[in-house]
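Trainee:
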Amino acid sequence: MYNFNKTLRCVKYSGFYMRFYSISQIPGLLDNTVRELTNDQIIYSLDTLSRSKITDWNLWDRLCDKIRFNLDSLEVSDLLKIIHSLAKVSYKKLSLLNVINRIVLRKYKSIDSQNLTQYLIDLNKLDVLKTSTFIPLVTLKINEDLPFFSTFDLCFILHLCSKLQYKDQFITDRITTKLLTNESNYQELCSDTALLAMVLRSLSFLEHKNAMYYTLLYKNIPPCIYRFGCQELCNILLSIVVSNIDVKINGQLGDIVSAILDRISESLSSLVDIEVNQIGICLHFLKYNMDPFPSKYGKLLDSIIKLNMKYVPNTSKMQLKLSRLLDEIKLKYKSEYQLGPYRLDYVIPKLNVAIEVNGYTHFFHNSKELNALTQLKYKILNDMGWNVVGVNYYNWKNRNKQDRLEYLIKELSPYMDK
1 MYNFNKTLRC VKYSGFYMRF YSISQIPGLL DNTVRELTND QIIYSLDTLS RSKITDWNLW
61 DRLCDKIRFN LDSLEVSDLL KIIHSLAKVS YKKLSLLNVI NRIVLRKYKS IDSQNLTQYL
121 IDLNKLDVLK TSTFIPLVTL KINEDLPFFS TFDLCFILHL CSKLQYKDQF ITDRITTKLL
181 TNESNYQELC SDTALLAMVL RSLSFLEHKN AMYYTLLYKN IPPCIYRFGC QELCNILLSI
241 VVSNIDVKIN GQLGDIVSAI LDRISESLSS LVDIEVNQIG ICLHFLKYNM DPFPSKYGKL
301 LDSIIKLNMK YVPNTSKMQL KLSRLLDEIK LKYKSEYQLG PYRLDYVIPK LNVAIEVNGY
361 THFFHNSKEL NALTQLKYKI LNDMGWNVVG VNYYNWKNRN KQDRLEYLIK ELSPYMDK
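The numbers in full-length UniProt numbering rise by one with no breaks, and the one at position 411 of the sequence shown is 411.
1) In whole angstroms, what is the alpha-carbon distance linking Ser113 and Asn185?
2) Span of the alpha helix (DSSP H) holding Lys321?
3) Count the CB pairs spanning the segment 341-355 and the segment 247-262 that are closer than 8 angstroms, and state whether there are at least three.
4) Using beta-carbon positions only, say whether Val76 and Ser45 come within less than 8 angstroms of one another.
5) Are the CB atoms of Val89 and Thr33 within a distance shorter than 8 angstroms?
6) Does the segment 145-156 come close enough to the segment 126-135 that 3 or more CB-CB pairs lie under 8 angstroms?
7) Measure the beta-carbon distance from Ile83 to Asp122 and round it to whole angstroms, keeping in mind my assumption that it falls under 8 angstroms.
8) Pick out whichever of Ile175, Asp127 and Gln165 has its Cα sitting closest to the Cα of Glu144.
9) I think Ser161 touches Ser202, with their Cβ atoms under 8 angstroms apart; what is that distance to the nearest whole Å?
10) By Cβ distance, which residues of its chain are closer than 8 angstroms to Leu339, with the 5 residues on each side in sequence left out?
11) Is it the case that the segment 318-329 contacts the segment 266-276, given that we only count it when at least three CB pairs across the two stretches are under 8 angstroms?
12) For Val391, which residues does DSSP report across the bridge?
13) Indicate the three-state DSSP secondary structure (helix, strand or coil) for Tyr213 in the structure shown.
14) What three-state label does DSSP hand Lys401 in the structure shown?
15) For the beta strand (DSSP E) that contains Ser335, what are its first and last residues?
16) Got a sec, what are the start and stop residues for the alpha helix (DSSP H) Ile42 sits in?
17) For Met384, which residues does DSSP report across the bridge?
18) Is there contact between the segment 398-416 and the segment 296-304, where contact requires at least three CB pairs shorter than 8 angstroms?
19) Near Tyr378, which residues of its chain fall below 6 angstroms by C-beta distance, leaving aside the five closest residues on each side in sequence?
20) In the DSSP output, what is Arg343 paired with across the bridge?
21) Taking only three categories from DSSP, how would you classify Leu164?
22) Report yes if the C-beta distance between Leu200 and Leu189 is below 8 angstroms; otherwise report no.
23) Write down every uninterrupted run of the alpha helix (DSSP H) in the segment 92-123 whose length is 4 residues or greater and which is fully enclosed by it, in chain order.
24) Are the CB atoms of Asp61 and Ser85 within a distance shorter than 8 angstroms?
25) Give me the Cβ distance between Ser316 and Ser335, rounded to the nearest whole Å; I'm assuming they're in contact under 8 angstroms.
26) Roughly how many whole angstroms lie between the Cα atoms of Gln286 and Gln278?
27) Excluding sequence positions up to five away, which residues of its chain have a Cβ less than 7 angstroms from the Cβ of Gly390?
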């Protein structure tokens, strides 16, 4: 094992060994020793390579293939180390990750709350976190070990529920009750503006307006408005809008919205594109639903519209098939049409109808209920005087061409007959 130890020292102390080896030579040196490595040495190699940001994927492949068939014999802590190493260099080895996820689910009792959170962070960073892993793992751990979760752990799990569009009243209520009733958790939450914004956003996007939501919105957010950064302010504003699409924005809520908009206006030039887009969506909503809607916010909206921000369209197969059916109906339509803050899949100007193709990402998990952002989109388009026809994946996927044509005509017929 002399060559292995020498090579790992080269990686770990590359500043010193650069006198003898270039960084490009180190993967080659380690590659020659892969066949001789034990499980512990492979785990150590992955950790060392990830710390050194070495991205020779051929070497990573060989190391992962070497250890993949021995995963069952490893401790859960070692499996989590492997995931953490992969996440550091954004390396996805799905065959390896799938096996590790199955083992972790089976041995979940061996994971403490802090390691669970890090595991979820790593899977999220790799963009491989699935509800099939998240739901059973989090449900079991929240049910059994809730007192041991830190404030950050609980806030991040809420964030992931929102990201995965997973509405579970049991999990959400247990987490928010602990945050609200445990003095230590509550004080820590109130002192961290990032966590305040994260929790409000999560509850809003999950459409869960419980005691925690109202406490944050009316008691904790207003005193912190001048402490929030631009990104946090944009997220809070969007959260308020998303969770109040059926409410007239006035009174105390209107005052909070005005204070946030005034703060954002002061630093508009420092916002990145996604934040500007968020503000544009919010202002379009407030234009029709805030009473009164001050002229200064109308000017702010006009300045955002003048930016004429462009987004590259992402056309799905479902959209392409829909366009062929629209051709058969002989309706004149426009595709990827910019209307307000949105680029719409199709519009039929003669009918004043927008057609939106709704894949599964437009719905809450395992539900036919449109998610909060899609509902907001429909509300804004309706306020602008447009009718919206949603072509939903669950009404589309198991139909033949003729059935799809009949389904489309049926959805459009109320507007064609006017």
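Heads up, the beta-carbon is just placed ideally off N, CA and C, and yes, glycines get one too.
Mentor: Quick answer:
1) 15 angstroms
2) Lys317 to Ile329
3) no
4) no
5) No, these two residues do not count as a Cβ contact at 8 angstroms.
6) no
7) Contact annotation, Ile83 with Asp122: C-beta distance approximately 5 angstroms; criterion of less than 8 angstroms satisfied.
8) Ile175
9) Strictly speaking, residue 161 in this sequence is Cys, with Ser absent from that position. That pair is a contact at about 6 angstroms.
10) Val347, Ala354, Leu381, Met384 and Trp386
11) no
12) Val357
13) helix
14) helix
15) Lys334 to Leu339
16) Counting along the chain, the alpha helix (DSSP H) containing Ile42 begins and ends at Asn39 to Arg51.
17) Per DSSP, Met384 has no beta-bridge partner at all.
18) Because the criterion of three Cβ pairs below 8 angstroms is not met, the segment 398-416 and the segment 296-304 do not touch.
19) Val388
20) Gln338
21) coil
22) no
23) 94-106
24) 8 angstroms or more divides the Cβ of Ser85 from the Cβ of Asp61.
25) Not confirmed; about 12 angstroms, so no contact.
26) With the sequence shown as reference, residue 286 is identified as Leu, and Gln is not the correct amino acid for it. Taking the straight line from one Cα to the other gives about 12 angstroms.
27) Cβ within range, chain order: Glu356 and Asn358.
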